[in-house]
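Read in order, the letters of the sequence shown correspond to residues 75 to 484 in the numbering used here.
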Amino acid sequence: MSQVVLLRPGYSTVGFVPNLIPELLQSTDSSPLSPDESLMHVAILQAMQALSRARPNPGVGCAVQLGEAVVAFGATEKYRLRHAERVAFDSLGGEFPKESTVATTLEPCAKHGNQPPCLELFREGIVDRVLVGFIDPDTRTRGKSVRALMTQGTEVRVGVLGKECAAMQLPFIVAMGRKEPFIALKWAETKDRHLFHPDHRDTRLRITGPRTDIFSHRLRQRYDAIVIGANTWIQDRPSLTARHALLPDLRQPLRVIIDPKNLLSHLPDLPERFSDLSPPWILLGGERSPPGRLPPGVHYSTLPGNLDSDSVIHAIQEAAKTLGQSIQSVLIEGGPGLLGIFLKSHLFDVVHRLRSKAAQVGRLNPDFLEINRSVRLSSMDLGDDLLDEFISPELWLKVEELQSIAQPLG
Ligand SMILES: NC(=O)c1ccc[n+]([C@@H]2O[C@H](COP(=O)([O-])OP(=O)(O)OC[C@H]3O[C@@H](n4cnc5c(N)ncnc54)[C@H](OP(=O)(O)O)[C@@H]3O)[C@@H](O)[C@H]2O)c1
Numbered sequence: 075m076s077q078v079v080l081l082r083p084g085y086s087t088v089g090f091v092p093n094l095i096p097e098l099l100q101s102t103d104s105s106p107l108s109p110d111e112s113l114m115h116v117a118i119l120q121a122m123q124a125l126s127r128a129r130p131n132p133g134v135g136c137a138v139q140l141g142e143a144v145v146a147f148g149a150t151e152k153y154r155l156r157h158a159e160r161v162a163f164d165s166l167g168g169e170f171p172k173e174s175t176v177a178t179t180l181e182p183c184a185k186h187g188n189q190p191p192c193l194e195l196f197r198e199g200i201v202d203r204v205l206v207g208f209i210d211p212d213t214r215t216r217g218k219s220v221r222a223l224m225t226q227g228t229e230v231r232v233g234v235l236g237k238e239c240a241a242m243q244l245p246f247i248v249a250m251g252r253k254e255p256f257i258a259l260k261w262a263e264t265k266d267r268h269l270f271h272p273d274h275r276d277t278r279l280r281i282t283g284p285r286t287d288i289f290s291h292r293l294r295q296r297y298d299a300i301v302i303g304a305n306t307w308i309q310d311r312p313s314l315t316a317r318h319a320l321l322p323d324l325r326q327p328l329r330v331i332i333d334p335k336n337l338l339s340h341l342p343d344l345p346e347r348f349s350d351l352s353p354p355w356i357l358l359g360g361e362r363s364p365p366g367r368l369p370p371g372v373h374y375s376t377l378p379g380n381l382d383s384d385s386v387i388h389a390i391q392e393a394a395k396t397l398g399q400s401i402q403s404v405l406i407e408g409g410p411g412l413l414g415i416f417l418k419s420h421l422f423d424v425v426h427r428l429r430s431k432a433a434q435v436g437r438l439n440p441d442f443l444e445i446n447r448s449v450r451l452s453s454m455d456l457g458d459d460l461l462d463e464f465i466s467p468e469l470w471l472k473v474e475e476l477q478s479i480a481q482p483l484g
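1. Spell out the partners DSSP gives T206 in its beta bridges.
2. If we count Cβ pairs, one from each stretch, closer than 8 Å, do we get three or more for the region 364-384 versus the region 409-420?
3. In its own chain, which residues sit with a C-beta less than 7 Å from the C-beta of P106, not counting the 5 before and 5 after it?
4. Between P92, E474, I288 and A389, which has its C-alpha nearest D333's C-alpha?
5. Mark T178 as exposed unless 16 or more other C-beta atoms lie within 10 angstroms of its C-beta, in which case mark it buried.
6. If you pair each beta-carbon of the region 468-475 with each one of the region 102-122, do three or more pairs fall below 8 Å?
7. Smallest Cα separation from K172: which of R197, D459, A158 and P191?
8. Assuming D458 and S430 make a contact with CB atoms under 8 Å, what is their CB distance in whole Å?
9. Verify the contact flag: L113, CB atom, against every heavy atom of ligand 1, threshold strictly below 7 Å.
10. Could you check the C-alpha separation between A162 and L341 for me, to the nearest Å?
11. Please name the residue, chosen from P96, E463 and D266, that lies closest to A432 on a Cα-to-Cα basis.
12. Hey, is I300 close to ligand 3, as in C-beta under 7 Å from one of its heavy atoms?
13. What are the start and end residues of the alpha helix (DSSP H) that includes M250?
14. Tell me the rounded alpha-carbon separation between E463 and Q399.
15. Leaving out five residues before and five after L94 in sequence, what residues of the same chain have Cβ atoms less than 7 Å from its Cβ?
16. I'd like to check one pair, G133 with A149: are the Cβ atoms closer than 8 Å?
17. Near V330, which residues of its chain fall below 6 Å by C-beta distance, leaving aside the five closest residues on each side in sequence?
18. Give the DSSP bridge partners of K260, in chain order.
19. Is the beta carbon of L235 closer than 8 Å to that of I491?
20. Restricting to Cα atoms, I'd like to know which of Q434, T277, K185 and Q139 is closest to H268.
21. Is the distance from the Cβ of I247 to the Cβ of K395 below 8 Å?
22. Answer yes or no: the CB of R278 versus the heavy atoms of ligand 1, is any distance below 7 Å?
23. What residue does the beta strand (DSSP E) around R329 start on, and which one ends it?
24. Give a single yes or no on whether P410 has its beta carbon closer than 7 Å to a heavy atom of ligand 1.
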């Protein structure tokens, strides 16, 4: 596995982590940013605010500079509402200042959708320079806005903190190229690589520290659905909601339990176990012995007989449709049984791995989860724990392809 870390220190799939955990600001060993990168960094901080509410649109950030001062910024509003550039533009009274520089984490859109194209905000001869983090993977834009801006004589720089901007848009990049959802795997392991205490399975093992919870809960807010295995639900009964580092207009993810052997149906107190957990939940069980009594808000569907990671994802999509939801991204949160199935079949786009620096069982886990065929995207010390994010080589290739579209343009 490659040891190269693709993102700059501090940046991750949810943006700049020290912005979530300020104690990390001092320990993040980062090279100084250029003036253009500093402006893009402000835009990235804005984009972080939009990651939940903008779904299935990309959460984009925009920052406007005049002389030395940042005079406006904006983040994508709720789905169907204003895009980041328009929010910044409107806050300036409906015009960008003459000779300003506008940084946007994603190329301004060129298409008429729920909103008019952002491209039309950049009238000829007003803005001096436009900084673009990443080319819009949507074929209705994909380089068109950059080209149009250059044709009208505006200076455009593409790829400013480009990888860092792309890392925040990975589910959107996937959605623009394939119909299956983006798949992220996430787990926390002890220093000796256990996900639970093998000798005390009925006691929940505390692995990560409170700062890591902040990151984990922000992570939950960027996905459409969170998925766990039946054993995890029975043993831990996690609520799977996002409760820390809450974003404005938060959309809680849909929660899904995979239970091919219908282990839940054998629990005599099943309805009571759900009673203090807010709905809705999707329970995907085997064809035999579905639970007789389910509380309102728990939707039951059957899994196919020939169970593999592909069919699990398909079943999640179908079940979500019955709730009127479309699933563009899923976060598989464990346990090791379920995660192992996805790792073995290489069916993942990204892995978020948290490893404790202190918590340990006392012996190495012989069955530790191995991440093969992937590239290290980010790596950082969160204080109590180490965060490593990995990306599949196929997805990284896609990112590079999109970046290369920008080269002849910018
Ligand atoms: N540290 C962490 O990040 C973390 C996260 C979550 C959970 N955990 C811990 O993990 C433990 C539970 O883990 P676990 O491995 O026992 O169970 P699990 O991952 O919660 O459940 C495994 C699930 O995968 C199902 N499965 C088996 N084969 C499958 C296939 N081919 N396709 C799809 N699904 C399939 C299993 O069904 P069958 O019933 O048919 O086997 C079961 O429902 C708990 O102690 C929990 O605390 C730790």
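Glycine is no exception: its CB is placed at the ideal position from the N, C-alpha and C atoms.
Computed from a predicted structure; not experimentally measured.
Judging by the given coordinates:
1. Counting from one through the sequence shown, the residue named residue 206 turns up at place 132. The residue asked about is misnamed: residue 206 is Val in this sequence, not Thr. Paired residue(s): T178 and V232.
2. yes
3. Taking the sequence shown and counting its residues from 1, one reaches residue 106 at position 32. For P106, where only same-chain residues beyond five positions count, there are no Cβ hits under 7 Å.
4. Within the sequence shown, the letter at position 259 stands for residue 333. Looking at the Cα atoms, A389 is the closest of the given residues.
5. Counting from 1 along the sequence shown, the entry for residue 178 is found at position 104. Counting Cβ neighbours within 10 Å, T178 comes out buried, since at least 16 surround it.
6. no
7. Residue 172 sits at position 98 when you count from the first residue of the sequence shown. Cα-wise, what sits closest to K172 is R197.
8. Here residue 458 corresponds to residue number 384 of the sequence shown, with the count starting at 1. Here residue 430 corresponds to residue number 356 of the sequence shown, with the count starting at 1. With 8 Å as the limit, D458 and S430 qualify as a contact, their Cβ atoms being about 7 Å apart.
9. Position 39 of the sequence shown holds residue 113. No, since every heavy atom of ligand 1 falls outside the 7 Å radius drawn around the Cβ of L113.
10. Taking the first residue of the sequence shown as position 1, residue 162 is located at position 88. Taking the first residue of the sequence shown as position 1, residue 341 is located at position 267. Going from the Cα of A162 to the Cα of L341 covers about 53 Å.
11. Translated into positions along the sequence shown, residue 432 becomes position 358. The candidate whose alpha carbon is nearest that of A432 is D266.
12. Absence of ligand 3 from the depicted structure is noted, with ligand 1 being the only ligands included.
13. Numbered from its first residue, the sequence shown carries residue 250 at position 176. Counting along the chain, M250 falls outside any alpha helix (DSSP H), and DSSP gives it neither H nor E.
14. Numbered from its first residue, the sequence shown carries residue 463 at position 389. Numbered from its first residue, the sequence shown carries residue 399 at position 325. Roughly 28 Å separates the two Cα atoms.
15. What you label residue 94 is simply residue 20 of the sequence shown in a count that begins at 1. The residues are I288, F289, R292 and A319.
16. In the sequence shown, residue 149 corresponds to position 75, counting from 1. In the sequence shown, residue 133 corresponds to position 59, counting from 1. Result yes, Cβ atoms of A149 and G133 sit closer than 8 Å.
17. Residue 330 sits at position 256 when you count from the first residue of the sequence shown. Answer for V330: A299, V301, I356 and I390, listed in chain order.
18. As a working mapping, residue 260 is identified with position 186 in the sequence shown. According to DSSP, which records beta bridges pairwise, K260 is partnered with H426.
19. For the chain, the structure presents residues 75 to 484; residue 491 sits outside this window and is missing.
20. Here the question's residue 268 lines up with position 194 in the sequence shown. For the residues Q434, T277, K185 and Q139, the minimum Cα distance to H268 belongs to Q434.
21. Your numbering for residue 247 matches position 173 in the sequence shown. Your numbering for residue 395 matches position 321 in the sequence shown. In this structure, K395 does not lie closer than 8 Å to I247 by Cβ.
22. For the purposes of this step, residue 278 is identified with residue 204 of the sequence shown, where counting begins at 1. Within the cutoff, so yes.
23. Within the sequence shown, numbered from 1, the residue matching residue 329 stands at position 255. First-last of the beta strand (DSSP E) with R329: L328 to D333.
24. Counting from one through the sequence shown, the residue named residue 410 turns up at place 336. Checking the Cβ of P410 against ligand 1 gives yes.
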